[in-house]
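Residue numbers (the UniProt record's numbering): 1 to 861.
Cβ atoms here follow ideal geometry from the backbone N, Cα and C, with glycine treated the same way.
Notes follow the structure.
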């Protein structure tokens, strides 16, 4: 027993010798635990940092490995739109949709699986193995797919701040599908609705069936396939509402619509089969969209920050008169009358009992047959048909367009016995109607003057008095003209105003033009009698009566048509729009300028036509149209390899050098852009459109103007902001052109969602990151021409520097491009690198088009 106790004592002694005291041991354990906790905290911080970083860069993106489930969503980079799962009111069905992110009421603007809802919360939105974007139900069955046949295996979906959900091929950055091309009931800014005349295919808005059912409803909306574009709402296949024809600024069938009210509606008709419509809203602080309701109402809504309810900017149809064909054929609707429908003069109700009961759809019929429809020739009956005018009208549907002038529009209608009405509207021209006149509405303001054809007996007899007055005025005018002629002869004999006599050829051609001092100095430089003059009739025959199928394009000056002379020579005819006062000035300016210019890189003027109010310029025809038709077209881009692109860059530069230095006149173009660079059969560039050009005299190096004309995106900052222009203004435009040719991207429509950069800002960013290869068009074989392409980008950035003094002259630019200057300066930051939303409000008075915006700012007197 004692031995055992000693043994225990010994063990105890050994323990005391081998280990520290209990208090020390406890302290050490605390130290160890505290260190472990610190390491654990550090680990968790790193873990969540990585997780959050990964989430932040993928917050607007769905990838093959990163789908979203019912409880998840993605948000666009600037938190404008959100994509996820939702349930409409009064239903538990689940749908994948896009809605505004920061407004009080969930406003859905797009739905994926609108016809196949999920019945539970087990759905998934993901990228499938074949690269399509798909919605799966709980059984992993595909209930909706983007259904792209040539999808890429390596693809991802991204939600943009525009509300467009795009499916992108990650291997080349190309968009292969987008929700903008597959809209539901909402029309967002810069979305395009279109119709193809050749295939009949349409991109339309399609209404929900009800507020709780987003499946396809009865109503659809989009642009029509008619000769003159109109916006329609259809109920099934039947028209429900229409906007009236487009006049290149507004839809004239919308009462009181102005270009400002239209807020940048833009219709593009390429006359090759496709017509499209888009819109922009000037005030970016208001979230604006157009919605097609389940009941067929088309409305523009605006959400202002801080407000709990949206504002309705407009709604159509506003009244029963807006409903298509409310009063039937030859009936007119006026919402201020009771009843709202009435027959046109010379017409009576088709079914009087239905009409009296309030059913107006049967319309009206003619009381007296037209003279052209009768065979007898009695004195009363043989009197010719005539027209009476209805003012401030919504014109009927199905207008046919005729290229004749306003004075000839009536005669054009009289030639055809089936023609029942005509109207002439600036921006459209002569409109003719054959057969029944449907959907006529009386406005209190706006609208058009509509001339209805009736028998002589139904005409206003006061017109005979008007005829007498008109004849008296004409005779009086002739007498006054004769007297003025004799007075003029006396003055000429006395040597009155010799300078006026010297300028007579030009004054005779342009009697309506009121010259400015800046032009008078240049007028005598042109002898117009030396310029070949074409007869209007000859050009009308050459262009097939200015048929729309021969229309090459449309500018602020007016339309351009392709024609063929009797000897087989193809020509381009630039026709001054009668309603364009600016176009008249541009016409004079272009004649003055281009008649003195001859260069292989400038378009050649063949002659002009001046007859009455018709003024036209005749140019050599360029079969490949303009540079923008190639450089921005995904198919035609392939035809422009780098060698050809570089030749085009050099050719434009040589043409510009001729204007600035080598011609008899020093000329600043002021509107250099891709659409003004024409390409001949061999894709040689030719600078065109000198309507905005200015001549510099003597040692003049810079000028300023209160009237800024040109195209945003190509205008130098000093010109856009202060009206100052010089050779360096054209150099800036050339730099933009150069970067567009290298990148294959349009500066005026480029927008980098992540950094709010313009094309110039994007190029500058990549230049500073030494990553300029990202800018280069994938169609270019970069490695074969690496140094030449980098040199071009460097030169382009030098040309678009913010301050004019920093930019090289065009002669220096050509030397740089041809490696005659081995060392290139480092460019400074370009102008207009940022495209902040705040700038948009400053452009509220601008009318936007899809690709570019030609601006004229006129100061009042």
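How is the alpha helix (DSSP H) around residue i delimited, first residue to last?
i: residue 410; result: 406-414
i: residue 812; result: 810-817
i: residue 536; result: 536-542
Using alpha carbons as the reference points, say which of the options lies closest to residue i.
i: residue 181; options: 631, 206, 565 and 197; result: 206
i: residue 682; options: 627, 480, 721 and 715; result: 627
i: residue 792; options: 739, 677, 781 and 316; result: 739
i: residue 114; options: 104, 136, 102 and 214; result: 214
i: residue 827; options: 815, 799, 551 and 816; result: 799
i: residue 310; options: 237, 107, 177 and 134; result: 107
i: residue 105; options: 88, 116, 806 and 599; result: 88
i: residue 61; options: 74, 712 and 337; result: 74
i: residue 241; options: 483, 328, 757 and 324; result: 324
i: residue 190; options: 174, 370, 279 and 757; result: 279
i: residue 606; options: 613, 155, 612 and 591; result: 591
i: residue 306; options: 679, 102, 757 and 653; result: 102
i: residue 714; options: 790, 778, 801 and 678; result: 801
i: residue 777; options: 795, 796, 198 and 632; result: 632
i: residue 685; options: 745, 758 and 599; result: 599
i: residue 83; options: 473, 228, 735 and 111; result: 111
i: residue 678; options: 637, 711, 736 and 619; result: 619
i: residue 153; options: 239, 169, 546 and 370; result: 169
i: residue 164; options: 97, 219 and 734; result: 97
i: residue 156; options: 439, 140 and 133; result: 133
i: residue 339; options: 345, 327, 171 and 347; result: 327
i: residue 171; options: 193, 161, 151 and 348; result: 151
i: residue 371; options: 383, 362, 365 and 364; result: 383
i: residue 654; options: 121, 480 and 814; result: 814
i: residue 211; options: 264, 90 and 131; result: 90
Taking the beta strand (DSSP E) that residue i falls in, what are its first and last residues?
i: residue 677; result: 677-679
i: residue 84; result: 81-86
i: residue 441; result: 440-442
i: residue 72; result: First-last for residue 72: undefined, no H or E at that position.
i: residue 148; result: Looking at the DSSP string, residue 148 is not in any beta strand (DSSP E), and its letter there is neither H nor E.
i: residue 450; result: 448-454
i: residue 384; result: From DSSP, residue 384 is part of no beta strand (DSSP E); its letter is neither H nor E.
i: residue 423; result: 419-425
i: residue 801; result: Run containing residue 801: none; DSSP gives neither H nor E here.
i: residue 431; result: 429-434
i: residue 221; result: 213-223
i: residue 234; result: 230-235
i: residue 238; result: 238-245
i: residue 266; result: 266-269
i: residue 276; result: 274-278
i: residue 193; result: 193-196
i: residue 209; result: 205-210
Looking only at DSSP bridge pairs, what is residue i linked to?
i: residue 110; result: 98
i: residue 397; result: Partner(s): none; residue 397 has no beta bridge.
i: residue 126; result: 134
i: residue 158; result: 61 and 166
i: residue 175; result: 168
i: residue 611; result: 614
i: residue 288; result: 302
i: residue 605; result: 619
i: residue 554; result: 559
i: residue 573; result: 561 and 618
i: residue 68; result: 125
(message) I want to know whether the stretch 283-294 touches the stretch 302-313 - three or more CB-CB distances under 8 Å.
(response) yes
(message) Suppose only complete runs of 4+ residues qualify. What are the alpha helix (DSSP H) ranges in the stretch 712-787, listed by chain order?
(response) 717-722, 727-743 and 759-768
(message) Quick check for students: name the residue ranges of the beta strand (DSSP E) that lie wholly in the stretch 299-366, counting only runs of 3 or more.
(response) 311-316, 331-333, 341-343, 347-349 and 364-366
(request) Would you list, in sequence order, the uninterrupted beta strand (DSSP E) runs of no fewer than 3 residues that lie entirely inside the stretch 614-685? (result) Entirely contained in the stretch 614-685, the beta strand (DSSP E) runs reaching 3 residues are, in chain order, 614-620, 666-668 and 677-679.
(message) Taking contact to mean 3 or more Cβ pairs, one atom from each stretch, closer than 8 Å, check whether the stretch 636-647 and the stretch 657-673 are in contact.
(response) With the cut-off at 8 Å, the stretch 636-647 and the stretch 657-673 do not touch.
(message) Can you confirm whether the stretch 333-340 touches the stretch 436-450 when touching is taken to mean that 3 or more C-beta pairs between the two stretches lie within less than 8 Å?
(response) yes
(message) Is it the case that the stretch 714-729 contacts the stretch 667-677, given that we only count it when at least three CB pairs across the two stretches are under 8 Å?
(response) yes
(request) Indicate whether the contact test is met: 3 or more Cβ pairs, each with one atom in the stretch 764-774 and one in the stretch 627-636, closer than 8 Å. (result) Too few Cβ pairs lie closer than 8 Å, so no.
(request) Count the CB pairs spanning the stretch 419-431 and the stretch 448-458 that are closer than 8 Å, and state whether there are at least three. (result) yes
(message) Tell me whether the stretch 221-234 and the stretch 141-154 touch, counting them as touching only if at least three CB pairs, one residue from each stretch, are closer than 8 Å.
(response) In short, these stretches do not touch, since the Cβ pair count stays below three.
(message) If contact is defined by three or more beta carbon pairs under 8 Å, each pair taking one atom from either stretch, is the stretch 348-363 in contact with the stretch 408-416?
(response) no
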